[in-house]
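Plus 9 on top of the position in the sequence shown (first one is 1) and you've got the numbering used here.
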Amino acid sequence: MFKLSFKQQVLTGFAVSLLFVLVSAITSYLSIDKLNQDTKWQSHTYDVINLIKDVEFQVLNSETSIRGFVLSGDKQYLKPYDANASKILPTIAELKRLTNDNAEQQIRIDSLNQYAHAKTEEMKGVLSAYESNGKEAAVSRVMAGLGQLYKTQILKTGNKIIETELNLLAKRKAAIVNSSKQSEGVVMISAVVIFCLILFLFSYIRRTFDQQKLTENHIRDSNIELERISAENEQKNWLLSGATAVNEAMRGEQGADELCTKIITSICNYIHAPVGSVFLVNRSKKPSNLLVVMHLKIQKEP
């Protein structure tokens with residue numbers, strides 16, 4: 010069975026941790042990027058709504074300015090018209106550009122553009138009638154209600170566009186909330202998992218070192234025990250070797266003096282003693298043989 014060394018296990022653990030950190034970073038980046046995209050779409054919706062309101066403001070101001078001029082004949086009333094009428098169609102063009110991703114809104118904006126063209130032409134017609142035929146002609150054209158009709162259609166179409174954008178805005182706000190929660194969840198889960206991995210590695214390394222230390226203690230105790238057993242065996246071997254030497258010296262038929270001399274010589278040579286002696290005791294119950302002692306002393310053989 011394939012088994013990794015301690016160093017390989019630690020390196021593998023760190024590699025797995027780094028890999029998970031990389032995956033977490035990528036996941037977090039994608040979540041945050043989605044959150045940014047949803048936020049941009051929300052800003053985009055507000056931009057569309059603001060442009061629609063700008064168109065309505067420009068149309069109403071222009072119309073009010075012309076009516077004031079027609080009724081009063083004072084050209085000062087034309088200043089709002091001069092400031093706003095020329096911006097209506099460019100504003101709608103910008104609105105069309107912003108909504109090029111939404112086919113439904115493009116259709117409405119095309120209708121809005123047609124009504125805006127008609128309204129601007131009608132306002133120019135009122136001014137032309139005033140200049141050509143006087144106040145009464147201009148008032149008659151205004152009272153005909155054609156300009157009012159165009160204005161109503163512009164406001165109506167604008168309200169539909171705003172309503173659609175508000176529905177999109179609600180969905181995009183919900184998407185932002187979900188993206189935000191998802192990003193927070195990914196970051197939190199990643200942090201917890203990374204913390205757990207680091208904690209596991211720390212625990213594993215510490216446990217491995219403890220086991221290694223315990224193993225070293227067991228090996229040291231085993232070595233001490235082996236040394237003790239070896240010393241005991243060495244002592245037993247020494248005693249057995251000495252006993253063998255004495256047995257060799259005692260072989261054969263020998264007299265007491267000769268036997269004692271060989272025994273003492275063998276023992277002295279074995280234990281490296283310069284002098285040796287042996288005492289023979291007769292434990293016979295006869296009074297004459299109650300104690301017989303022979304004392305021999307010899308020099309150690311070279």
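Just so it is clear, CB atoms sit at the ideal spot from N, CA and C, and this is done for glycine as well.
This structure is a prediction, so every number in the text was calculated from the model and none was measured.
- Assignment of G285 by DSSP, reduced to helix, strand and coil, places it in the strand class.
- The beta carbon of K43 sits closer than 7 Å to the beta carbons of S188 from its chain, once the five residues preceding and following it are set aside; these are given in chain order.
- The DSSP-derived three-state label of A153 is coil.
- Cβ contact annotation for Y279 (same chain, cutoff 6 Å, sequence separation greater than five): G251 and A254, in chain order.
- I185 has its alpha-carbon roughly 27 Å from the corresponding atom of R117.
- In the DSSP annotation of this structure, the continuous segment of the alpha helix (DSSP H) that includes E103 starts and ends at I97 to L107.
- A direct Cα-Cα distance of roughly 47 Å separates L28 from E103.
- Listed in chain order, the alpha helix (DSSP H) runs fully inside the stretch 38-82 amount to none, counting runs of at least 4 residues.
- Secondary structure at R260: coil, using DSSP grouped into helix, strand and coil.
- I163 and Y124 have their C-alpha atoms roughly 6 Å apart.
- For G134, the uninterrupted alpha helix (DSSP H) segment begins and ends at A112 to N142.
- Per DSSP, A92 is one residue of the alpha helix (DSSP H) stretching across K88 to N93.
- Remark: three or more beta-carbon pairs, one from each stretch, lie closer than 8 Å, so the stretch 191-203 and the stretch 31-46 are flagged as touching.
- Around the C-beta of M259, fewer than 16 other C-beta atoms lie within 10 Å, and the residue is accordingly described as exposed.
- The beta carbon of D63 is closer than 6 Å to those of T100 in its chain, skipping five residues each way along the sequence.
- Y159 is classed as buried because its beta carbon has at least 16 other beta carbons within 10 Å across all chains shown.
- Taking the Cα positions, L177 is about 12 Å away from K169.
- If you compare the alpha carbons of I203, H53 and N142 with that of V32, the shortest gap goes to I203.
- Q67 has its alpha-carbon roughly 6 Å from the corresponding atom of A94.
- Taking all protein chains shown into account, D47 has 16 or more neighbouring C-beta atoms within 10 Å of its C-beta and is therefore buried.
- Take K128, set aside five residues on each side of it, and the residues of its chain with a beta-carbon closer than 7 Å to its own are V68, G156, Y159, K160 and I163, in chain order.
- Between the beta-carbon of L208 and that of S26 there is about 11 Å, and that puts the pair past the 8 Å contact cut.
- By the Cβ neighbour-count rule, M152 is exposed, with fewer than 16 other Cβ atoms within 10 Å of its own.
- The Cβ neighbour count for A147, taken over all protein chains shown within 10 Å, is at least 16; the residue is labelled buried.
- Within a 10 Å sphere around the beta-carbon of V201 sit fewer than 16 other beta-carbons, which makes this residue exposed.
- The C-beta of A34 has fewer than 16 other C-beta atoms within 10 Å across all chains shown, which makes the residue exposed.
- CA-CA distance, G77 to E130, rounds to 18 Å.
- Your pair I58 and E174 checks out as a contact, with CB atoms roughly 5 Å apart and the cut at 8 Å.
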